[in-house]
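Working notes, beginning with the structure itself.
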Amino acid sequence: MGSSIITPEDVLESLMNDGTIDAIRLKIINQLKANEELKKNTITMVEQSKVLNTPGAEKQTKRELFDSLRQELETPVLEKASKAVWELILDNGGLGKEISETVERVFCRLSGCELPLFPYSRSESELVIETAKENSNPSSKKRSFSEMSMNGADEVANVSRNPLTLPEGL
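Per full-length UniProt numbering, residue 1 is the first one in the sequence shown, and the count goes up by one each step.
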């Protein structure tokens, strides 16, 4: 193992610099676009919209309708989309597994250790992601990594302060 402790920020910076974050973001977007349940739910919300079902709605301009629909539906639609994204990220058999393995590979590359560091049944990266989900606020906007750590993701902060210990048998 290397002489310095690898922090979550180090891993994140590497993932951002090598384009991995952008590639994962694109995969998430494509999977959201293909999510028929999410599409149907959004269509139903629009069809049941108070804005569109109010007398006189047909007299409004497209821009006025769009702005009113956005004000009415933005939060509930984004909450459903956020939930769908977290399901993708935490999926142990699909994208979530890929993310966990990628984070582990980058950590190992930076620290000089050999793969696999953890059994893939429940890696530390999955625990960090799950903790971040539990501490997330769906109505908030983008937050920096340091803000997330200060807002209760203690596990993320602890990972950067505590040396990594290997499970027995490795």
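Every residue gets a Cβ at the ideal spot worked out from N, C-alpha and C, and that includes glycine.
Endpoints, the alpha helix (DSSP H) within which residue i is located
| i | result |
| --- | --- |
| E87 | 62-90 |
| R8 | Note on identity: in this sequence residue 8 is Pro, with Arg being the wrong assignment. Run containing P8: 8-17, per the alpha helix (DSSP H) assignment. |
| Q31 | 20-33 |
| V106 | 95-111 |
| E37 | 36-47 |
Which listed residue (the options) has its alpha carbon closest to that of residue i
| i | options | result |
| --- | --- | --- |
| E36 | F107, G93, K80 | K80 |
| L78 | N30, N41, T54 | N41 |
| N30 | V85, N92, E9 | V85 |
| L69 | D18, K33, V51 | V51 |
| L32 | E87, C113, G93, E101 | E87 |
Own chain residues within Cβ distance below 7 Å of residue i, not counting five before or after
| i | result |
| --- | --- |
| I6 | F107, L110, S111 |
| S14 | V106, L110 |
| K27 | L95 |
| L38 | L32, K80, A81, A84 |
Cβ shell of residue i (< 6 Å), same chain only, five flanking positions each side left out
| i | result |
| --- | --- |
| I21 | L15 |
Own chain partners of residue i with C-beta closer than 8 Å, once the 5 adjacent residues on each side are dropped
| i | result |
| --- | --- |
| S49 | L69, E72, L73 |
| D91 | K97 |
| M45 | L73, P76, V77 |
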